[in-house]
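**Student:** Let me begin by handing over the structure; questions about it come next.
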Amino acid sequence: MTRLSAGRLTVDKQWQPIEDVIGSALNRIERIVGERPLEVEVPSDLPLGHFDAVLIEQVLINLLDNAFKYSDEKASVTVRAKKFENGLAVEVLDEGPGIKPGDEEHLFELFYRGANALPDRRGTGLGLSICKAIVQAHGGEIEIRNRAEKGTCVRFTLPSSGKPPIVEIDDVEPEKV
Numbered sequence: 011m012t013r014l015s016a017g018r019l020t021v022d023k024q025w026q027p028i029e030d031v032i033g034s035a036l037n038r039i040e041r042i043v044g045e046r047p048l049e050v051e052v053p054s055d056l057p058l059g060h061f062d063a064v065l066i067e068q069v070l071i072n073l074l075d076n077a078f079k080y081s082d083e084k085a086s087v088t089v090r091a092k093k094f095e096n097g098l099a100v101e102v103l104d105e106g107p108g109i110k111p112g113d114e115e116h117l118f119e120l121f122y123r124g125a126n127a128l129p130d131r132r133g134t135g136l137g138l139s140i141c142k143a144i145v146q147a148h149g150g151e152i153e154i155r156n157r158a159e160k161g162t163c164v165r166f167t168l169p170s171s172g173k174p175p176i177v178e179i180d181d182v183e184p185e186k187v
């Protein structure tokens, strides 16, 4: 967090599919997910994103951890990626109690755990502030809001600079065995 706050973090942006990073984040928190309902929505025609996979994986891990931590054991969590203007938008949606009015302004502050945080819940209040710093280092934005039906939506954007590389596949005859 110190390196992020001081602007000393190197962001190694590469062109890559966001679904790979989502899958990697889910693998790392498999123990937390357990048997919980989880949906991943990524369109098959989603373009490559221009971002640092290691850092965005950490953002997803923090957001998913919160979604599972602050929602009922039977409630579903959804990760959704979609095209956004000149880049990608990623959302993590839960079916928890939502956030208390006024908390939206403070949830990304260091050590703030929110009005719904219970003393028996693990956490230090660093996760969302780390997410914000990483997303901003990418030139993106992050926001949190209550969903109309129930729960919370955290949405972040990752702008892409330039165009993704074109991968040409040569027409190669398969080898005969």
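Per our numbering, the sequence shown runs over residues 11 to 187.
Glycine is no exception: its CB is placed at the ideal position from the N, C-alpha and C atoms.
Which of helix, strand or coil does DSSP assign to residue 50?
**Tutor:** As a working mapping, residue 50 is identified with position 40 in the sequence shown. Strand.
**Student:** For residue 171 and residue 60, what's the separation of their Cα atoms in angstroms?
**Tutor:** By one-based count along the sequence shown, residue 171 stands at place 161. By one-based count along the sequence shown, residue 60 stands at place 50. Each residue's Cα considered, the two are about 7 Å apart.
**Student:** Is DSSP giving residue 188 helix, strand or coil here?
**Tutor:** In the structure as shown, the chain starts at 11 and stops at 187, and residue 188 therefore has no counterpart that could be examined.
**Student:** Let's test the definition: count the other Cβ atoms within 10 Å of the Cβ of residue 162 and tell me whether it reaches 16, buried, or not, exposed.
**Tutor:** By one-based count along the sequence shown, residue 162 stands at place 152. Classification for residue 162: buried.
**Student:** Under 8 Å by Cβ, that's how I've got residue 39 and residue 71 pegged, so tell me the actual separation to the nearest angstrom.
**Tutor:** If you number the sequence shown from 1, residue 39 lands on position 29. If you number the sequence shown from 1, residue 71 lands on position 61. Correct: roughly 6 Å between the Cβ atoms.
**Student:** Enumerate, from N- to C-terminal direction, the unbroken alpha helix (DSSP H) stretches of 4 or more residues contained entirely within the region 18-92.
**Tutor:** For the region 18-92, whole alpha helix (DSSP H) runs of length 4 or above, ordered along the chain, are 28-38, 40-43 and 63-79.
**Student:** Would you report the Cα separation of residue 131 and residue 98, rounded to the nearest angstrom?
**Tutor:** Start at 1 with the first residue of the sequence shown, and residue 131 comes out as number 121. Start at 1 with the first residue of the sequence shown, and residue 98 comes out as number 88. Its pLDDT being 49, under 50, residue 131 is placed unreliably in this model, and the coordinates cannot settle the point.
**Student:** For residue 43 versus residue 73, is the C-beta distance shorter than 7 Å?
**Tutor:** One-based indexing of the sequence shown puts residue 43 at position 33. One-based indexing of the sequence shown puts residue 73 at position 63. No, the pair does not count as a contact, with Cβ atoms beyond the cut-off.
**Student:** According to DSSP, residue 141 sits in a beta bridge with which residue or residues?
**Tutor:** Here the question's residue 141 lines up with position 131 in the sequence shown. DSSP lists no partner for residue 141.
**Student:** What is the residue span of the beta strand (DSSP E) that residue 154 lies within?
**Tutor:** Stepping through the sequence shown from its first residue, residue 154 is reached at position 144. Counting along the chain, the beta strand (DSSP E) containing residue 154 begins and ends at 152-156.
**Student:** In angstroms, rounded to a whole number, what distance separates the CA positions of residue 94 and residue 167?
**Tutor:** Position 84 of the sequence shown holds residue 94. Position 157 of the sequence shown holds residue 167. So the two alpha carbons sit approximately 7 Å from each other.
**Student:** Report yes if the C-beta distance between residue 169 and residue 96 is below 7 Å; otherwise report no.
**Tutor:** Locating residue 169 in the sequence shown gives position 159, counting from the first residue. Locating residue 96 in the sequence shown gives position 86, counting from the first residue. Yes.
**Student:** Run through the DSSP bridge pairs and tell me what residue 101 is partnered with.
**Tutor:** Residue 101 sits at position 91 when you count from the first residue of the sequence shown. In DSSP, residue 101 forms a bridge with 90 and 165.
**Student:** For residue 89, collect the residues of the same chain with a Cβ closer than 6 Å to its Cβ; drop the 5 residues on either side in sequence, then sort them by chain order.
**Tutor:** The residue you call residue 89 lines up with position 79 of the sequence shown. Contacts found: 32, 50 and 102.
**Student:** Who are the Cβ neighbours of residue 104 in its own chain at under 6 Å, not counting the five residues just before and after it?
**Tutor:** Position 94 of the sequence shown, counted from the start, is the residue given in the question as residue 104. Contacts found: 77, 81, 87, 161 and 162.
**Student:** Quick one: measure Cβ to Cβ for residue 141 and residue 52, integer angstroms, because I've assumed they're closer than 8 Å.
**Tutor:** As a position in the sequence shown, residue 141 is number 131, starting the count at 1. As a position in the sequence shown, residue 52 is number 42, starting the count at 1. With 8 Å as the limit, residue 141 and residue 52 do not qualify as a contact, their Cβ atoms being about 19 Å apart.
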